[in-house]
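Report on one structure; see the data block that follows.
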Amino acid sequence: MDITPLLNDQQEALVKAAEEAVLEPLADFPHIELRSGVEPWDKRRTAGKILRIEIPHKAHSVSNVSADRPDPVMLIEAAHEGRQSHLIPLRIARMASSPFAFLRGAAQVMAWDLAHGPRTAIDVVLNGDAHISNFGLFGTPQGDVVLDLNDFDEVTVGPWEWDLKRLCASIEVAARDAEVPPSERREATLSAVAGYQHTMNDLAPRGSLEVWQSASRADDLVFAGIEIDARSQAVVTKAVEKARRKNNQSLLARVGERRTDGGWRFREDAPILVRVDDATREAVTSGLERYAETLPRERRFMLNRYHVVDVAHRVVGVGSVGTRAYVALLCGNSDQDVLFLQVKEAVRPAHAPYLPGMPEPYASHEGERVIYGQRLLQGVGDPLLGWTTIADRPFYVRQMKNMKGEIPVSRMTGRSLMYFSHAYGALLAKAHARTGDASAIAGYCGHDGRADLREAVADWSSAYGDRNAEDYKAFQDAIASGRLEAAADPHL
(Lines of atoms letter the chains of each structure in order from A; the text may use other names.)
(Lines give C-alpha, C1' and ligand atoms only; values in the text may rest on other atoms or scores of the structure.)
Protein backbone atom coordinates (compact mmCIF):
# COMPACT_ATOMS: atom_id res chain seq x y z
CA MET A 257 0.00 0.00 0.00
CA ASP A 258 1.32 3.44 -0.99
CA ILE A 259 1.15 5.63 2.11
CA THR A 260 2.48 8.79 0.42
CA PRO A 261 -1.00 10.30 -0.06
CA LEU A 262 -1.75 9.58 3.60
CA LEU A 263 1.48 11.26 4.67
CA ASN A 264 0.69 14.24 2.48
CA ASP A 265 -2.77 14.47 4.05
CA GLN A 266 -1.21 14.33 7.50
CA GLN A 267 1.25 17.05 6.61
CA GLU A 268 -1.50 19.21 5.17
CA ALA A 269 -3.57 18.84 8.33
CA LEU A 270 -0.52 19.62 10.46
CA VAL A 271 0.26 22.78 8.48
CA LYS A 272 -3.38 23.91 8.65
CA ALA A 273 -3.40 23.48 12.42
CA ALA A 274 -0.14 25.42 12.65
CA GLU A 275 -1.55 28.28 10.58
CA GLU A 276 -4.53 28.52 12.92
CA ALA A 277 -2.19 28.87 15.92
CA VAL A 278 -0.39 31.89 14.44
CA LEU A 279 -1.55 35.28 15.71
CA GLU A 280 -3.15 37.69 13.23
CA PRO A 281 -1.12 40.88 12.78
CA LEU A 282 -4.00 43.31 12.57
CA ALA A 283 -7.77 43.18 12.57
CA ASP A 284 -10.69 45.56 12.83
CA PHE A 285 -11.78 44.55 16.31
CA PRO A 286 -14.94 46.41 17.44
CA HIS A 287 -13.87 46.04 21.06
CA ILE A 288 -11.12 44.68 23.31
CA GLU A 289 -11.79 41.19 24.63
CA LEU A 290 -9.78 40.46 27.80
CA ARG A 291 -11.38 37.21 28.95
CA SER A 292 -9.36 34.72 26.93
CA GLY A 293 -5.66 34.48 26.20
CA VAL A 294 -3.57 33.49 23.20
CA GLU A 295 -1.65 30.30 22.62
CA PRO A 296 1.61 30.16 24.67
CA TRP A 297 4.67 31.46 22.84
CA ASP A 298 6.44 28.08 22.73
CA LYS A 299 3.41 26.46 21.09
CA ARG A 300 3.33 29.21 18.46
CA ARG A 301 7.07 28.78 17.90
CA THR A 302 6.42 25.10 17.22
CA ALA A 303 3.70 26.12 14.79
CA GLY A 304 6.27 28.25 12.95
CA LYS A 305 8.59 25.25 12.67
CA ILE A 306 5.79 23.17 11.19
CA LEU A 307 5.19 25.77 8.48
CA ARG A 308 8.57 24.85 6.99
CA ILE A 309 6.88 21.72 5.68
CA GLU A 310 4.88 23.80 3.22
CA ILE A 311 7.56 26.41 2.41
CA PRO A 312 11.02 25.03 3.27
CA HIS A 313 13.86 27.48 3.71
CA LYS A 314 15.51 26.52 0.43
CA ALA A 315 12.37 27.64 -1.43
CA HIS A 316 13.37 31.24 -0.73
CA SER A 317 16.54 30.88 -2.80
CA VAL A 318 14.55 30.58 -6.03
CA SER A 319 14.28 33.68 -8.21
CA ASN A 320 12.73 32.39 -11.40
CA VAL A 321 11.72 34.85 -14.10
CA SER A 322 8.19 33.88 -15.06
CA ALA A 323 7.26 33.92 -18.74
CA ASP A 324 4.32 36.20 -17.96
CA ARG A 325 6.42 38.72 -16.00
CA PRO A 326 5.31 42.19 -17.11
CA ASP A 327 7.66 44.63 -18.78
CA PRO A 328 9.29 46.44 -15.81
CA VAL A 329 9.12 49.76 -17.65
CA MET A 330 5.38 49.27 -18.06
CA LEU A 331 4.98 48.74 -14.30
CA ILE A 332 6.91 51.93 -13.62
CA GLU A 333 4.83 53.86 -16.15
CA ALA A 334 1.66 52.61 -14.47
CA ALA A 335 2.95 53.96 -11.13
CA HIS A 336 3.05 57.46 -12.69
CA GLU A 337 -0.71 57.60 -13.00
CA GLY A 338 -2.13 60.48 -10.96
CA ARG A 339 1.25 62.10 -10.32
CA GLN A 340 2.15 65.64 -11.35
CA SER A 341 3.20 65.22 -14.98
CA HIS A 342 5.78 68.02 -14.98
CA LEU A 343 7.78 66.21 -12.27
CA ILE A 344 7.79 62.73 -13.83
CA PRO A 345 10.94 63.46 -15.94
CA LEU A 346 12.73 64.33 -12.69
CA ARG A 347 11.59 61.07 -11.11
CA ILE A 348 12.84 59.14 -14.15
CA ALA A 349 16.19 60.96 -14.05
CA ARG A 350 16.66 60.19 -10.35
CA MET A 351 15.83 56.52 -10.90
CA ALA A 352 18.25 56.38 -13.84
CA SER A 353 21.17 57.72 -11.78
CA SER A 354 22.20 54.25 -10.53
CA PRO A 355 20.92 50.66 -10.22
CA PHE A 356 20.26 51.30 -6.51
CA ALA A 357 18.27 54.45 -7.25
CA PHE A 358 16.31 52.41 -9.78
CA LEU A 359 15.57 49.75 -7.16
CA ARG A 360 14.32 52.45 -4.79
CA GLY A 361 11.89 53.83 -7.34
CA ALA A 362 10.80 50.45 -8.73
CA ALA A 363 8.86 49.16 -5.72
CA GLN A 364 6.05 48.06 -8.03
CA VAL A 365 8.46 45.82 -9.96
CA MET A 366 9.73 44.00 -6.88
CA ALA A 367 6.19 43.76 -5.52
CA TRP A 368 5.20 41.75 -8.61
CA ASP A 369 8.25 39.50 -8.23
CA LEU A 370 7.66 38.85 -4.54
CA ALA A 371 3.98 38.16 -5.08
CA HIS A 372 4.85 35.47 -7.62
CA GLY A 373 7.33 33.71 -5.37
CA PRO A 374 7.00 31.59 -2.22
CA ARG A 375 4.95 33.06 0.64
CA THR A 376 4.83 31.91 4.24
CA ALA A 377 1.58 31.87 6.19
CA ILE A 378 2.82 34.40 8.78
CA ASP A 379 1.70 37.96 8.13
CA VAL A 380 2.84 41.19 9.79
CA VAL A 381 2.21 44.87 9.30
CA LEU A 382 4.56 45.15 6.35
CA ASN A 383 6.68 48.23 5.76
CA GLY A 384 6.55 47.38 2.06
CA ASP A 385 9.70 49.35 1.15
CA ALA A 386 12.34 48.36 3.71
CA HIS A 387 15.44 49.16 1.64
CA ILE A 388 18.54 50.43 3.41
CA SER A 389 17.85 54.11 2.72
CA ASN A 390 14.51 53.86 4.52
CA PHE A 391 16.22 53.43 7.88
CA GLY A 392 17.54 56.49 9.65
CA LEU A 393 17.79 58.72 12.68
CA PHE A 394 15.05 60.87 14.17
CA GLY A 395 14.28 62.61 17.43
CA THR A 396 11.84 61.51 20.11
CA PRO A 397 9.61 63.83 22.17
CA GLN A 398 12.09 63.31 25.02
CA GLY A 399 15.02 64.60 22.95
CA ASP A 400 16.69 61.23 22.31
CA VAL A 401 17.88 60.25 18.84
CA VAL A 402 16.81 56.78 17.74
CA LEU A 403 17.63 54.58 14.75
CA ASP A 404 14.64 52.95 13.08
CA LEU A 405 12.52 52.57 9.97
CA ASN A 406 11.47 56.01 8.80
CA ASP A 407 9.39 55.71 5.62
CA PHE A 408 5.95 54.10 5.53
CA ASP A 409 4.31 55.07 2.23
CA GLU A 410 4.00 51.40 1.17
CA VAL A 411 2.81 50.00 4.51
CA THR A 412 0.19 47.23 4.43
CA VAL A 413 -0.39 43.72 5.82
CA GLY A 414 1.63 40.92 4.24
CA PRO A 415 4.27 38.19 4.70
CA TRP A 416 7.25 39.17 6.85
CA GLU A 417 9.81 37.78 4.43
CA TRP A 418 8.90 40.28 1.70
CA ASP A 419 10.36 43.10 3.81
CA LEU A 420 13.45 41.04 4.63
CA LYS A 421 14.03 40.21 0.96
CA ARG A 422 13.72 43.85 -0.10
CA LEU A 423 16.22 44.82 2.59
CA CYS A 424 18.69 42.17 1.46
CA ALA A 425 18.24 42.96 -2.23
CA SER A 426 18.92 46.63 -1.50
CA ILE A 427 22.14 45.70 0.32
CA GLU A 428 23.23 43.59 -2.65
CA VAL A 429 22.44 46.27 -5.24
CA ALA A 430 23.90 49.18 -3.26
CA ALA A 431 27.06 47.17 -2.56
CA ARG A 432 27.42 46.46 -6.28
CA ASP A 433 27.18 50.20 -6.94
CA ALA A 434 29.97 50.69 -4.38
CA GLU A 435 32.06 48.00 -6.15
CA VAL A 436 32.06 45.73 -3.11
CA PRO A 437 33.38 42.25 -4.01
CA PRO A 438 30.78 39.45 -4.35
CA SER A 439 32.03 37.63 -1.26
CA GLU A 440 31.57 40.75 0.91
CA ARG A 441 28.15 41.42 -0.58
CA ARG A 442 27.09 37.92 0.37
CA GLU A 443 28.46 38.36 3.90
CA ALA A 444 26.42 41.54 4.22
CA THR A 445 23.15 39.90 3.18
CA LEU A 446 23.89 36.94 5.43
CA SER A 447 24.47 39.44 8.25
CA ALA A 448 21.11 41.14 7.64
CA VAL A 449 19.21 37.85 7.82
CA ALA A 450 21.23 36.85 10.90
CA GLY A 451 20.28 40.14 12.57
CA TYR A 452 16.62 39.45 11.85
CA GLN A 453 16.89 35.82 13.01
CA HIS A 454 18.86 36.60 16.19
CA THR A 455 16.50 39.40 17.20
CA MET A 456 13.29 37.51 16.50
CA ASN A 457 14.53 34.59 18.61
CA ASP A 458 15.40 37.03 21.37
CA LEU A 459 11.97 38.70 21.26
CA ALA A 460 9.86 35.54 20.94
CA PRO A 461 9.62 34.70 24.68
CA ARG A 462 9.46 38.30 25.87
CA GLY A 463 6.34 40.01 27.09
CA SER A 464 4.29 41.99 24.60
CA LEU A 465 4.69 45.20 26.59
CA GLU A 466 8.48 44.83 26.53
CA VAL A 467 8.43 44.23 22.76
CA TRP A 468 6.26 47.29 22.16
CA GLN A 469 8.49 49.51 24.28
CA SER A 470 11.68 48.38 22.58
CA ALA A 471 13.48 51.25 20.82
CA SER A 472 17.08 51.58 19.64
CA ARG A 473 18.69 54.77 20.94
CA ALA A 474 21.48 55.80 18.60
CA ASP A 475 23.84 56.49 21.51
CA ASP A 476 23.36 52.96 22.87
CA LEU A 477 22.90 50.56 19.96
CA VAL A 478 22.66 46.99 21.23
CA PHE A 479 21.63 44.17 18.90
CA ALA A 480 21.61 40.45 19.57
CA GLY A 481 24.47 38.61 17.88
CA ILE A 482 26.83 41.51 17.09
CA GLU A 483 28.82 44.28 18.76
CA ILE A 484 29.43 47.66 17.19
CA ASP A 485 32.98 48.21 15.94
CA ALA A 486 34.94 51.44 16.39
CA ARG A 487 34.49 52.64 12.81
CA SER A 488 30.74 52.06 12.85
CA GLN A 489 30.48 53.80 16.23
CA ALA A 490 32.29 56.79 14.77
CA VAL A 491 29.81 56.89 11.87
CA VAL A 492 26.87 56.81 14.29
CA THR A 493 28.37 59.48 16.54
CA LYS A 494 28.96 61.83 13.61
CA ALA A 495 25.45 61.21 12.23
CA VAL A 496 23.84 61.82 15.64
CA GLU A 497 25.74 65.08 16.12
CA LYS A 498 24.58 66.23 12.69
CA ALA A 499 20.98 65.15 13.38
CA ARG A 500 20.90 67.09 16.65
CA ARG A 501 21.68 70.25 14.71
CA LYS A 502 18.65 69.70 12.48
CA ASN A 503 15.62 71.37 13.98
CA ASN A 504 12.97 73.90 13.12
CA GLN A 505 15.30 76.85 13.70
CA SER A 506 18.10 75.47 11.52
CA LEU A 507 15.61 74.65 8.77
CA LEU A 508 14.22 78.19 8.94
CA ALA A 509 17.70 79.58 8.38
CA ARG A 510 18.16 77.30 5.38
CA VAL A 511 14.82 77.61 3.56
CA GLY A 512 13.27 80.82 4.96
CA GLU A 513 13.65 84.48 4.06
CA ARG A 514 12.20 87.71 5.37
CA ARG A 515 9.32 89.37 3.54
CA THR A 516 9.31 93.13 3.06
CA ASP A 517 6.90 93.43 6.01
CA GLY A 518 9.34 91.56 8.25
CA GLY A 519 7.53 88.21 8.33
CA TRP A 520 8.85 84.87 7.10
CA ARG A 521 8.29 83.08 3.82
CA PHE A 522 9.94 80.21 1.95
CA ARG A 523 12.94 80.93 -0.23
CA GLU A 524 12.19 79.40 -3.62
CA ASP A 525 14.58 76.82 -5.10
CA ALA A 526 12.75 75.62 -8.21
CA PRO A 527 11.81 72.92 -8.93
CA ILE A 528 12.64 71.46 -5.50
CA LEU A 529 10.95 74.12 -3.33
CA VAL A 530 8.29 76.34 -4.90
CA ARG A 531 5.78 78.58 -3.15
CA VAL A 532 2.15 77.86 -4.06
CA ASP A 533 -0.67 80.12 -5.17
CA ASP A 534 -3.24 81.55 -2.76
CA ALA A 535 -5.86 78.91 -3.56
CA THR A 536 -3.46 76.03 -2.86
CA ARG A 537 -2.22 77.71 0.32
CA GLU A 538 -5.80 78.05 1.54
CA ALA A 539 -6.55 74.42 0.67
CA VAL A 540 -3.47 73.17 2.53
CA THR A 541 -4.26 75.35 5.55
CA SER A 542 -7.82 74.00 5.65
CA GLY A 543 -6.40 70.50 5.31
CA LEU A 544 -4.17 71.11 8.32
CA GLU A 545 -7.17 72.24 10.35
CA ARG A 546 -8.88 68.94 9.52
CA TYR A 547 -5.62 67.08 10.23
CA ALA A 548 -5.66 68.49 13.76
CA GLU A 549 -8.81 66.45 14.43
CA THR A 550 -6.77 63.24 13.96
CA LEU A 551 -4.35 64.22 16.75
CA PRO A 552 -4.78 63.34 20.43
CA ARG A 553 -6.56 66.15 22.27
CA GLU A 554 -3.45 67.31 24.13
CA ARG A 555 -1.57 67.69 20.83
CA ARG A 556 -4.43 69.71 19.34
CA PHE A 557 -4.13 72.11 22.28
CA MET A 558 -0.46 72.64 21.49
CA LEU A 559 -1.00 72.99 17.72
CA ASN A 560 -3.68 75.61 18.31
CA ARG A 561 -0.92 77.97 19.53
CA TYR A 562 0.48 78.14 15.97
CA HIS A 563 -0.72 79.66 12.71
CA VAL A 564 0.31 79.07 9.08
CA VAL A 565 2.47 81.84 7.58
CA ASP A 566 3.52 80.18 4.30
CA VAL A 567 3.13 77.01 2.23
CA ALA A 568 5.40 75.61 -0.48
CA HIS A 569 5.57 72.52 -2.68
CA ARG A 570 8.67 70.42 -2.02
CA VAL A 571 10.01 67.55 -4.15
CA VAL A 572 11.17 64.63 -2.01
CA GLY A 573 12.97 61.31 -2.46
CA VAL A 574 13.12 59.10 -5.53
CA GLY A 575 9.99 56.95 -5.62
CA SER A 576 7.87 59.80 -4.21
CA VAL A 577 8.76 62.34 -6.89
CA GLY A 578 5.61 63.49 -8.65
CA THR A 579 3.31 63.07 -5.68
CA ARG A 580 1.97 66.25 -4.11
CA ALA A 581 4.15 67.13 -1.15
CA TYR A 582 3.78 70.43 0.66
CA VAL A 583 5.65 71.97 3.54
CA ALA A 584 3.92 74.45 5.84
CA LEU A 585 5.70 77.06 7.95
CA LEU A 586 3.88 77.87 11.19
CA CYS A 587 4.71 80.44 13.86
CA GLY A 588 3.68 80.52 17.51
CA ASN A 589 4.77 82.78 20.38
CA SER A 590 7.03 84.79 18.07
CA ASP A 591 8.42 84.62 14.57
CA GLN A 592 11.32 82.61 16.03
CA ASP A 593 8.93 80.01 17.48
CA VAL A 594 8.51 78.04 14.25
CA LEU A 595 7.15 74.63 13.31
CA PHE A 596 7.53 72.93 9.92
CA LEU A 597 4.96 70.32 8.90
CA GLN A 598 5.23 68.10 5.83
CA VAL A 599 1.90 67.44 4.12
CA LYS A 600 2.49 64.55 1.72
CA GLU A 601 0.10 62.83 -0.66
CA ALA A 602 -0.49 59.16 0.15
CA VAL A 603 -0.93 56.90 -2.86
CA ARG A 604 -1.91 53.27 -3.29
CA PRO A 605 0.87 50.99 -1.96
CA ALA A 606 2.92 48.92 -4.39
CA HIS A 607 1.75 45.61 -2.89
CA ALA A 608 -1.94 46.51 -3.05
CA PRO A 609 -2.71 44.38 -6.17
CA TYR A 610 -1.44 41.24 -4.44
CA LEU A 611 -2.57 41.52 -0.81
CA PRO A 612 -5.91 42.06 1.00
CA GLY A 613 -4.51 45.24 2.56
CA MET A 614 -5.29 46.94 5.84
CA PRO A 615 -8.65 46.32 7.49
CA GLU A 616 -11.24 49.06 7.70
CA PRO A 617 -11.27 51.88 8.53
CA TYR A 618 -7.56 52.22 7.73
CA ALA A 619 -7.94 50.97 4.17
CA SER A 620 -10.43 53.66 3.16
CA HIS A 621 -7.97 56.57 3.52
CA GLU A 622 -4.41 56.11 2.27
CA GLY A 623 -3.11 58.80 4.63
CA GLU A 624 -4.60 57.07 7.65
CA ARG A 625 -3.12 53.78 6.41
CA VAL A 626 0.36 55.30 6.34
CA ILE A 627 0.13 56.93 9.76
CA TYR A 628 -1.45 53.94 11.46
CA GLY A 629 1.23 51.69 9.98
CA GLN A 630 3.98 54.04 11.15
CA ARG A 631 2.59 54.13 14.68
CA LEU A 632 2.52 50.33 14.72
CA LEU A 633 6.01 49.75 13.33
CA GLN A 634 8.09 52.40 15.09
CA GLY A 635 9.25 51.94 18.67
CA VAL A 636 8.79 55.66 19.30
CA GLY A 637 7.47 58.19 16.86
CA ASP A 638 6.54 61.70 15.91
CA PRO A 639 3.82 63.03 18.27
CA LEU A 640 2.35 65.13 15.44
CA LEU A 641 1.55 62.30 13.02
CA GLY A 642 -1.88 62.61 11.43
CA TRP A 643 -3.79 62.62 8.16
CA THR A 644 -6.13 64.77 6.13
CA THR A 645 -7.81 65.24 2.74
CA ILE A 646 -7.03 68.08 0.31
CA ALA A 647 -8.90 68.49 -2.99
CA ASP A 648 -10.30 64.95 -2.58
CA ARG A 649 -6.78 63.47 -2.31
CA PRO A 650 -5.50 61.70 0.83
CA PHE A 651 -2.49 63.14 2.64
CA TYR A 652 -0.54 62.43 5.78
CA VAL A 653 1.21 64.98 8.00
CA ARG A 654 4.41 64.80 10.03
CA GLN A 655 7.12 67.09 11.35
CA MET A 656 9.99 68.14 9.12
CA LYS A 657 13.60 67.75 10.27
CA ASN A 658 12.97 66.84 13.92
CA MET A 659 16.58 65.72 14.48
CA LYS A 660 16.46 63.57 11.37
CA GLY A 661 19.62 62.03 9.96
CA GLU A 662 20.93 59.21 7.82
CA ILE A 663 23.60 56.53 7.98
CA PRO A 664 25.41 56.27 4.61
CA VAL A 665 25.11 52.48 4.42
CA SER A 666 24.74 52.46 0.62
CA ARG A 667 28.36 53.64 0.33
CA MET A 668 29.86 51.38 3.02
CA THR A 669 32.26 48.47 2.75
CA GLY A 670 33.95 46.05 5.11
CA ARG A 671 33.07 45.69 8.78
CA SER A 672 30.73 48.71 8.83
CA LEU A 673 28.64 47.25 6.01
CA MET A 674 28.39 43.97 7.96
CA TYR A 675 27.42 45.76 11.16
CA PHE A 676 24.73 48.01 9.73
CA SER A 677 23.29 45.20 7.60
CA HIS A 678 22.91 43.17 10.80
CA ALA A 679 21.51 46.19 12.66
CA TYR A 680 18.88 46.89 9.99
CA GLY A 681 17.84 43.24 9.96
CA ALA A 682 17.46 43.49 13.75
CA LEU A 683 15.44 46.72 13.51
CA LEU A 684 13.16 45.12 10.94
CA ALA A 685 12.58 42.18 13.31
CA LYS A 686 11.69 44.59 16.12
CA ALA A 687 9.17 46.34 13.87
CA HIS A 688 7.58 43.06 12.75
CA ALA A 689 7.42 41.71 16.30
CA ARG A 690 5.18 44.61 17.33
CA THR A 691 2.27 43.31 15.25
CA GLY A 692 3.32 39.92 13.90
CA ASP A 693 3.72 36.67 15.77
CA ALA A 694 7.37 36.83 16.84
CA SER A 695 7.25 33.28 18.22
CA ALA A 696 5.94 31.80 14.98
CA ILE A 697 8.43 33.76 12.87
CA ALA A 698 11.27 32.68 15.17
CA GLY A 699 10.12 29.09 14.86
CA TYR A 700 10.06 29.34 11.08
CA CYS A 701 13.48 31.04 10.91
CA GLY A 702 15.03 28.52 13.27
CA HIS A 703 17.61 28.97 16.02
CA ASP A 704 20.82 30.89 15.51
CA GLY A 705 22.73 27.77 14.53
CA ARG A 706 20.56 27.19 11.45
CA ALA A 707 22.09 28.82 8.39
CA ASP A 708 19.81 27.48 5.64
CA LEU A 709 17.42 30.48 5.65
CA ARG A 710 20.33 32.91 5.65
CA GLU A 711 21.95 31.10 2.73
CA ALA A 712 18.67 30.91 0.80
CA VAL A 713 17.92 34.64 1.12
CA ALA A 714 21.54 35.47 0.21
CA ASP A 715 21.16 33.33 -2.95
CA TRP A 716 17.90 35.09 -3.78
CA SER A 717 19.43 38.54 -3.22
CA SER A 718 22.35 37.81 -5.53
CA ALA A 719 19.98 36.58 -8.24
CA TYR A 720 17.75 39.61 -7.74
CA GLY A 721 20.77 41.87 -8.12
CA ASP A 722 21.21 40.39 -11.60
CA ARG A 723 17.52 40.87 -12.36
CA ASN A 724 17.59 44.47 -11.15
CA ALA A 725 20.60 45.12 -13.42
CA GLU A 726 18.62 43.78 -16.40
CA ASP A 727 15.58 45.88 -15.49
CA TYR A 728 17.80 48.94 -15.06
CA LYS A 729 19.24 48.37 -18.53
CA ALA A 730 15.71 48.12 -19.97
CA PHE A 731 14.85 51.35 -18.17
CA GLN A 732 17.88 53.12 -19.62
CA ASP A 733 17.03 51.81 -23.09
CA ALA A 734 13.50 53.22 -22.72
CA ILE A 735 15.01 56.63 -21.97
CA ALA A 736 17.44 56.40 -24.89
CA SER A 737 14.63 55.45 -27.30
CA GLY A 738 12.44 58.34 -26.17
CA ARG A 739 9.80 56.13 -24.57
CA LEU A 740 10.57 57.80 -21.25
CA GLU A 741 11.57 61.43 -20.79
CA ALA A 742 14.27 62.18 -18.21
CA ALA A 743 15.15 65.57 -16.77
CA ALA A 744 18.61 66.85 -17.64
CA ASP A 745 19.76 67.00 -14.01
CA PRO A 746 18.66 64.26 -11.57
CA HIS A 747 20.14 66.20 -8.64
CA LEU A 748 17.62 69.03 -8.97
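Sequential numbering of the sequence shown, starting at 257, is according to the numbering used here. Virtual Cβ for every residue (Gly too), placed ideally from N, Cα, C. As the structure is a prediction and not an experimental result, all values here were calculated from the model.
- Looking at the DSSP output, P328 shares a beta bridge with no other residue.
- Separation of A689 and A480 (C-alpha to C-alpha, rounded to the nearest whole angstrom) is 15 Å.
- In this structure, G361 is the residue among G361, I528, G399, D693 with its C-alpha nearest to the C-alpha of G384.
- Of the other Cβ atoms in all chains shown, 16 or more fall within 10 Å of the Cβ of F358; this residue is therefore buried.
- Contact between D458 and L684 does not hold, since the beta-carbon distance rounds to 14 Å and is not under 8 Å.
- The shortest CA-to-CA distance from E310 to any of S718, R432, R375 is the one to R375.
- The DSSP assignment places complete alpha helix (DSSP H) segments of no fewer than 4 residues inside the stretch 436–475 at 438–459, 464–468, in order along the chain.
- A distance of 7 Å or more separates the beta carbons of P615 and A377.
- Judged by DSSP in its simplified three-state form, G642 adopts strand.
- Considering only K502, D566, L423, A431, the residue with the shortest C-alpha distance to A535 is D566.
- Burial of G575 is indicated by the presence of at least 16 other C-beta atoms within 10 angstroms of its C-beta.
- Here E622 is buried. Its C-beta has 16 or more other C-beta atoms within 10 Å.
- Annotation: the continuous alpha helix (DSSP H) that includes L559 extends over 553–559.
- For H336, the three-state secondary structure derived from DSSP is coil.
- Beta-bridge partners of D379 (DSSP): P415.
- With contacts defined by Cβ atoms closer than 7 Å, R555 and P639 form a contacting pair.
- Here the alpha carbons of V572 and G578 stand approximately 9 Å from one another.
- Exclusion of the five residues before and after L529 leaves V511, F522, A568, R570 as the residues of its chain whose Cβ lies within less than 7 Å of its Cβ.
- For R531, no alpha helix (DSSP H) encloses it; the enclosing beta strand (DSSP E) starts and ends at 529–531.
- Per DSSP, reduced to three states, the secondary structure at F731 is helical.
- Remark: C-beta atoms of A682 and T455 approach each other more closely than 7 Å.
- In the three-state reduction of the DSSP assignment, G692 falls in the coil class.
- Here R631 has G637, L641 as same chain residues with Cβ atoms under 8 Å from its own Cβ, once five neighbours each way along the sequence are excluded.
- Closest in alpha carbon position to N504, among A448, P355, Q592, is Q592.
- In the structure shown, Q398 adopts coil according to DSSP, grouped into three states.
- Per DSSP, L611 lies in no alpha helix (DSSP H) and is assigned neither H nor E.
- Per DSSP, P345 lies in no beta strand (DSSP E) segment; the continuous alpha helix (DSSP H) that holds it begins and ends at 344–351.
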